[in-house]
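Written below as structure tokens is the structure these notes are about.
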Amino acid sequence: MVEEQDVYAIGDALQHVAVADPLAALDFGFDAKHLRQLLDALPVAVYTTDAAGLVTYFNQAAADLAGRRPALGTDEWCVTWKLHLPDGTPLAHSECPMAIALTENRSVRGVEAVAERPDGTRVPFMPFPTPLRDENGDLVGAVNMLLDISEHKKAERRLRQNEAWLAGQKEAFQAAMNGAPLEKSLGILIETAMKQAESERRCAFYIANPEGTELRHVVGMPDGYVKCVDGLKIGPGSLPCGLAVHRGEPVIMPDVLEEPVWEPWAWLAREFDFRGCWSFPIETASGKVVGSFAMYFKEPNGAADRDRELAAALAHTASIIISRHQESLERERISQALRESERNLAAELAAARHLQSISTSLIREGDVEALYAQIVEAAGEVMHSDMASIQVLDHENDALHLIAHKGFDAEAEATWRWIEHDDATSCGHALKTKTRIVVPDIEADEFMACTPAQEQYRKAGIRAVQSTPLVGRAGHSLGMISTHWRMPHEPSERDLRIFDVLARQAADLIERKESEDALQRRAAQLRLLLDELNHRVKNTLATVQSIAHQTLRHASTMAEGRKSLDARLIALSRAHNVLTREHWEGANLRELVAEALAAYSNGSGPRRFDVSGNDIRLLPKAGLAISMALHELATNAVKYGALSNENGHVRIRWGGGEDAQLFRLEWSEIDGPPIEQPRRLGFGSRLIKHGLAQDLGGVVELHFEPDGLVFAIDAPLKELCGGDDKPHPRPLDDRWER
Amino acid sequence: MPAAESRLTGKRVLVVEDEALVTMLLEEGLIDMGCEIADTASRLDDALEKANSLLFDVAILDVNLHGQKTFPIAEVLSSRGIPFVFSTGYEASSLPLSLQQAPVLQKPFQQQDLEQALGTALGV
């Protein structure tokens, strides 16, 4: 390689040779003949012209550089075919540095030009034109040396490329450090690579998913292509990118149309107009393959060292950027998870406190309604819902009754006040299945589709709903607690776990309320029962008092009084027996008559009573009054009437009176001894005449006929039997005679 | 038993009572005290009519007539300025507040209870 200073020295020597200065030439140790030989052999291009610029001499190196053999004495100014300035502008021979040196009679140094050979190739060179003068100093010609600087130029370009590459790399790193997305930082690398590319191509980056099963496009390719290859599987049968990541080594396909593996994708190559496809794995420092770098060439292309080098540099830089990016993603993910768990902990703590405060209230508070409201409020908070409700199962109707809610409008409240067991709502369904029902989106739920319930939810602005059955400690259904969201929502396991604690408390509250209510009802019933019992006992005592008082008052002797009193109290007691058997709800007249007459019809004597009448149920009071009257009549008959002799007997009949609303009962004594009207009404007679009439609200007839006593009472059926819906007694038969 | 002269002699009494035996006991007790029985009633409508129309000095009202309360009768009597006595097997506290001033005859009763209750009602 000839250095620049050598060239100048040779130039100076040539000047001396040209002016035929033997002394000076001798100084260099050459004579003219030797000099000529030396010039011919020089590896640098040298030529001379006369003062007019016609070429007089050129050496072989000059012919090689020019790619032609110039015509001596004809070619003007330069040995080259065509000339250009370094920037490519054509340069006329008459304006070339040699022409300037001749016309201006001066050496020209430090310029560059480009020679174009007849075959079109171009050679950058540096000319050294120097005028030649005779001893008088007159211009006689010029000598030029052309120094080929293509290697120098190439090195210079490579330097510039390296600088550009370093700058691009730096820019990409900076972008990555500043937190730019991968598209941006890797995009800068691609831009840098494309600027340096000598042939038409595309570059792209792909990144592997964390599982290492798929590749995702990051940057470089148009959307249409990305749509086709995104999610490309990493594996042995994959396209170059997937294959390169799988193998961990570059996959070079000079022409994809020649590759069998590309067969199914050939259309892609045609559509996106590429043939060569190279893929380089991107590895982290630890050797993990995290993605790939791909280059697509318009023309078939095998990998050149230079391209491999570039790809390796790109892949290396990209690996640093991607590693950093993934680390920062991981850091972000960890810190986010940390924040999330802190938030969850705080929320859980708040929920636990809330639940605890409700528990405390449940123990202390008497106001159940306020507690329901509190539970509904807490349900909304725990589940992050817009609405919440609590329903109690009404066992009589087998339906859910809304007792508290949060967030329902008036219409929703009215709609859901009662929910039937078989309703298509989530709570109806949860009640039926006894399990929690979650509908994350009522619009996407098959079970809900086109039901009235779906329409109701829409109207209420509800999109998602959850219903949890409230179950008693013994496992029976108590009600339902539900939460509702305006947007589609699927409650998390954590939320549901806390919610279940709340549901337990709600169930306990309802259960407690129900047993308290039942207890209160029982206590009230008992109080009522005791009051009634007290009243009855007092009234009975008053009755007994009256009987005792009047019996004793009218008795002739103490013994007679005691006997009458005993008999009356026993009669009263027997009537009570009948009524008690019927729980004091009423008494069958036939039974009462049988009971009242039992004491008088025993023994082996002839039948003393002829009883006829249908079954008729009397009110307790009427039953008592009739029983007592029958007792008095029978006692009187035994003392003075039909039962006082051997043959007498009594006919007792009852049935409907003249009017369907009337009842008539008759007692007539037959075949007794003759009787007469008593002078004074005894207690018995008064009891029959006034007492019975008063108690039955009817009219009593009592006739002391000579051939036997006749008694009859006509009373409204209503007074005897209560309501009108009782069966009417059969009419008394016509044979009956007063 | 001849009626001895007493503070209640000649007082006309309306007896409202649904239990015939108790009515009879009251009647006898009243007559023994020298009272006259203005009338008796065992049904609410009948009793109301009599309370409105008859002339008498004092009434004995059974609180419960066949399951109906006699408070409307008490009101009629109050408006007529006629004193009355409640007779009942219930506690006195089951009376409405406005009527708790009236003397109460607890069943069963003694003759002197009846006399005292009527005396209180009549202010004699």
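Going down the list, the protein sequences come from chains A and B. FYI, in this note's numbering the residues of the first sequence are 1 to 738. FYI, in this note's numbering the residues of the second sequence are 1001 to 1124. Note that the Cβ used here is the ideal one computed from N, Cα and C, for glycine as well.
query: Chain-ordered residues of the segment 1094 to 1115 of chain B with a beta carbon less than 7 Å from chain A; result: Lys1107 and Pro1108
query: Test item: CB-CB of Leu1021(B) and Gly691(A) under 8 Å; result: yes
query: Any non-hydrogen atom of the ligand GDP within 7 Å of Glu332(A) CB; result: In the structure on display, the ligand GDP does not appear, and there are no ligands present to speak of.
query: Span of the beta strand (DSSP E) around Thr103(A); result: Element bounds for Thr103(A): not the beta strand (DSSP E) but the alpha helix (DSSP H), Pro97 to Glu104.
query: Near-chain A residues of the segment 1020 to 1045 of chain B - C-beta to any C-beta below 8 Å; result: Ala1020, Leu1021, Val1022, Thr1023, Met1024, Leu1025, Glu1028, Thr1040, Ser1042 and Arg1043
query: Nearest residue (CA-CA) to Val439(A), options Lys718(A), Thr433(A) and Val465(A); result: Val465(A)
query: Per-residue burial, Met145(A) [other beta carbons within 10 Å of its own, 16 or more giving buried]; result: buried
query: Residues of its chain near Gly242(A), where Cβ-Cβ distance is below 7 Å and the 5 sequence neighbours each way are ignored; result: Leu215, Leu232, Lys233, Ile234 and Gly235
query: Straight-line gap, Leu687(A) to Leu633(A) (C-alpha atoms, nearest Å); result: 10 Å
query: Trp267(A) burial status per 10 Å Cβ neighbour count (16 or more: buried); result: exposed
query: Every unbroken alpha helix (DSSP H) within the segment 410 to 452 of chain A, with a cutoff of 4 residues, ordered by chain; result: 410 to 415 and 426 to 433
query: Below-8 Å beta-carbon distance, Gln545(A) vs any chain B residue; result: yes
query: Interface positions of the segment 522 to 538 of chain A facing chain B (Cβ-Cβ less than 9 Å), listed along the chain; result: Asp531, Asn534, His535, Arg536, Val537 and Lys538
query: Closer than 8 Å to chain A by CB, Gly1067(B); result: no
query: DSSP three-state assignment for Tyr225(A), whether helix, strand or coil; result: helix
query: Proximity of Met177(A) and Ile149(A) at Cβ, strictly below 8 Å; result: no
query: Close beta carbons around His631(A), own chain, < 6 Å, minus the five adjacent residues each side; result: Ala571 and Ala596
query: Distance, Glu493(A) Cα to Gln454(A) Cα; result: 25 Å
query: 8 Å Cβ cutoff met for Ser319(A) and Glu342(A); result: no
query: Anticipated Cβ contact below 8 Å, Ile1037(B) with Val1013(B), distance rounded; result: 6 Å
query: Distance, Arg527(A) Cα to Thr468(A) Cα; result: 39 Å
query: Given 8 Å, three or more beta-carbon pairs between the segment 403 to 422 of chain A and the segment 511 to 531 of chain A; result: no
query: When Ala167(A), Arg651(A) and Ala61(A) are compared against Asp671(A), the one with the closest alpha-carbon; result: Arg651(A)
query: Within chain B, partners of Ala378(A) - CB distance below 8 Å; result: None at all; the shortest Cβ gap to chain B is about 44 Å.
query: Member of Ala66(A), Trp77(A) and Gln336(A) whose CA lies at the smallest distance from the CA of Val119(A); result: A small correction: the amino acid at residue 119(A) is Asp; Val does not occupy that position in the sequence shown. When only C-alpha atoms are compared, the closest one is Ala66(A).
query: The beta strand (DSSP E) enclosing Arg651(A), as first and last residue numbers; result: His649 to Gly656
query: Residues sharing a beta bridge with Leu466(A), DSSP; result: Going by the sequence as given, residue 466(A) is Gln instead of Leu. Answer is Val438(A) and Thr483(A), bridged to Gln466(A).
query: Cβ neighbour criterion (16 or more within 10 Å) applied to Gln1112(B); result: exposed
query: Minimum C-alpha distance to Thr48(A) - residue among Asn162(A), Ile547(A) and Gly141(A); result: Gly141(A)
query: Residue-level contact to chain B via CB, Leu349(A), 8 Å cutoff; result: no
query: Segment contact flag, the segment 239 to 255 of chain A with the segment 273 to 282 of chain A, C-beta cutoff 8 Å, min 3 pairs; result: yes
query: Beta carbon proximity, Gly428(A) to chain B, threshold 8 Å; result: no
query: Beta-carbon proximity check, Ser292(A) vs Tyr225(A), cutoff 8 Å; result: no
query: With 16 other Cβ atoms within 10 Å as the buried cut-off, status of Ile363(A); result: exposed
query: Residue environment, Pro86(A), which counts as buried when at least 16 other CB atoms sit within 10 Å; result: exposed
query: Three-state secondary structure assigned by DSSP to Arg735(A); result: Its pLDDT being 40, under 50, Arg735(A) is placed unreliably by the model, and the measurement read from it follows with that caveat. Coil.
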